[in-house]
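See structure below.
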Amino acid sequence: MIKIMVIEDEKIERETLVKILEEHIPNVEVCQAMNGEEALQLYEKKQPSIILADINIPKFSGLEVIRRIQSYGKDCEFLILSSYDYFAYAQEAIRLGVDDFILKPYNIADMLQAVEKVMEKQKVKSVEKQTKNELLDKLEKYTPIMENECFYKIMSNEDDLSLKQALLLLDKQIVCGFCIVGTKEDVQQDMKAFFYQEDNRIITGKLHGEYITFIFLKHWLFPKEKEKLHQKFEAWKQIDPALQVGSIEEDIHIYESYRKAKNNTLAQFANDQKEPQNNGNKDELIQKMIQAFDDIEEEKVKKYTLDYTQSLLASEKAVMEEDIQQLMDSIFIHLKETYADMEISPIAPIQLSATSFQEVNLFIHMNIMKYYQDMLSYRFKNTNHLVRQALKFIDANYRRPITLNDMAEALDVSPFYISKLLNTSMKKTFTELVSERRVEASKELLKTNKRIKEIAYEVGFQGQNYFTKIFKKYTGVTPKVYKNTFEKEEI
11 MIKIMVIEDE KIERETLVKI LEEHIPNVEV CQAMNGEEAL QLYEKKQPSI ILADINIPKF
71 SGLEVIRRIQ SYGKDCEFLI LSSYDYFAYA QEAIRLGVDD FILKPYNIAD MLQAVEKVME
131 KQKVKSVEKQ TKNELLDKLE KYTPIMENEC FYKIMSNEDD LSLKQALLLL DKQIVCGFCI
191 VGTKEDVQQD MKAFFYQEDN RIITGKLHGE YITFIFLKHW LFPKEKEKLH QKFEAWKQID
251 PALQVGSIEE DIHIYESYRK AKNNTLAQFA NDQKEPQNNG NKDELIQKMI QAFDDIEEEK
311 VKKYTLDYTQ SLLASEKAVM EEDIQQLMDS IFIHLKETYA DMEISPIAPI QLSATSFQEV
371 NLFIHMNIMK YYQDMLSYRF KNTNHLVRQA LKFIDANYRR PITLNDMAEA LDVSPFYISK
431 LLNTSMKKTF TELVSERRVE ASKELLKTNK RIKEIAYEVG FQGQNYFTKI FKKYTGVTPK
491 VYKNTFEKEE I
């Protein structure tokens, strides 16, 4: 059974909407709330999978209700009911993952279509979830087999490509690792528990009476992390005097760690880690990050943040703090030079309380992403007007053939800039916005006696076939089905 919750403070509108949903959607349970507080209480009790919420309701706004429900981590789809302008709420709604806006007064067919669309989305997600769970079950079943294969590939010192492919199947985040060789099974079990707790991948085996353990890491170790491990090794060696530890090597060269473990001493471990590979020059990484800021490429910003953190490995605390300060100052100066009136503050002089990879990475990530979000907010605030002008241009000209260049020329900006702006602000391309406007206009004309071919040309499409294709893409039905549905309603 599908559970839907309607949040609407106007009693007549609320009860009408509930009745429509119950009459048109089979196997549905509809609950209703008149304000935000009641909606949150009802959600806890009913756990609906679809919520239709008016924005302007008492106690909490519709958006606030959505925000709070999302914080519960449940799988739920949201539709907004509003008589307000779409654009005023677009940024917040997109951020919250709202599926669609239903503008009042709404057409029953349009409203039901929006609901059916999210129902279909949930079906797809359910199938994907089931498929994912089945794959995870299979992966769990075959993981020991893959680990055993990896163990013998390492011990056979197979070629780099073969080993890399095997390791990628186990964990794509593996960067480096090392080997421990011992003679006590209980020590090996204790080591496995310790390294699993640290979120590392462990591969074990027994060969010629020796317990061999390969520990794979997701980053090269900081000095303090190596020191911590060295202390653990000392404790394990008290139980197993024959314990030997190899050097930290790149993942595909981990056999070298096994070889060294056979002739190594614990004292060598702390000084045996190789320098991280391919981290790149710090100044170059800063410039790449600045470019990612300018291009509004969030994933690249995150990638270069991680790369920069990796480049700090093995640095002393004072040097690390200086390098982090250089990064923060460079981003701050660039933002102030680019957006002179943007309100941002420089990061205070860095004083790290710890130098573990996780804590240093978290510190850098949080501050860099704060700068990034501040920049996004500033750019969005200052581009509202231009986006509105772009939408007005589309609204005034969609009936004739128009291009991105036509709009850019009319607004006196470059095509690249306005295209990027629409993508950032509306999450849509110029072509998508024009197509949506034409489809919306055609819906009203399809309710008249005009022929479909005539309507296609009237709203700007260059042929009936293309019109049918685009109309079905955005509505889920063909123009003919839509027109026939409306005619049946009239009867």
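Note that the sequence shown covers residues 11 to 501 in the working numbering. Just so you know, even glycine gets a beta-carbon here, dropped at the ideal spot from N, CA and C.
Any idea if residue i is buried or exposed, counting beta-carbon neighbours within 10 angstroms, 16 or more meaning buried?
i: R410; result: exposed
i: T275; result: Caution applies to T275, whose pLDDT of 49 falls short of 50 and renders its modelled position unreliable; the value that the coordinates give is listed next. It is exposed - the Cβ of T275 has fewer than 16 other Cβ atoms within 10 Å.
i: Y206; result: exposed
i: K270; result: buried
i: V311; result: buried
i: G83; result: exposed
i: F97; result: Note that F97 scores a pLDDT of 48, beneath 50, so its modelled location is shaky; the value from the coordinates is reported in the next line. By the neighbour-count rule (16 or more Cβ atoms within 10 Å), F97 is not buried but exposed.
i: L171; result: exposed
i: P58; result: buried
i: R448; result: buried
i: A418; result: buried
i: R398; result: exposed
i: Y382; result: buried
i: F481; result: buried
i: H344; result: buried
i: P489; result: buried
i: L177; result: buried
i: M330; result: buried
Can you name the residues that DSSP bridges to residue i?
i: T214; result: T223
i: I61; result: M15 and F88
i: L113; result: S92
i: C189; result: F224
i: Q254; result: V191
i: E33; result: None; E33 has no bridge partner.
i: E307; result: E307 pairs with nothing; no bridge assigned.
i: E260; result: C186
Any heavy atom of the ligand HEM closer than 7 Å to the CB of residue i?
i: R211; result: In terms of ligand content, the structure shown is empty, and the ligand HEM therefore cannot be addressed.
What residue does the beta strand (DSSP E) around residue i start on, and which one ends it?
i: Q42; result: V38 to A43
Using only alpha-carbon positions, find the residue among the options that is nearest to residue i.
i: P68; options: F477, L50 and I60; result: L50
i: G46; options: S355, M15 and K493; result: M15
i: V185; options: F204, W230 and S81; result: W230
i: I462; options: E450, R448, T478 and M417; result: T478
i: S93; options: A119, E20, E87 and I12; result: E20
i: F70; options: K292, M44, S387 and K55; result: M44
i: F232; options: Y268, N371, I428 and G470; result: N371
i: A400; options: D384, S429, I378 and R389; result: S429
i: A245; options: I341, F204 and G72; result: F204
i: A358; options: T348, E347, I60 and Q336; result: Q336
i: Q175; options: Q198, I262 and E144; result: I262
Return the first residue and the last residue of the alpha helix (DSSP H) that residue i is part of.
i: A328; result: K327 to T348
i: P233; result: P233 to I249
i: L295; result: K292 to D304
i: A176; result: D170 to L180
i: A271; result: I264 to A271
i: Q80; result: G72 to Q80
i: K56; result: G46 to K56
Exercise for review: Kindly provide the ranges of any alpha helix (DSSP H) runs that are 4 or more residues long and lie completely inside the stretch 409-476, ordered along the chain.
Suggested key: Listed in chain order, they are 414-421, 425-436, 440-455 and 462-468.
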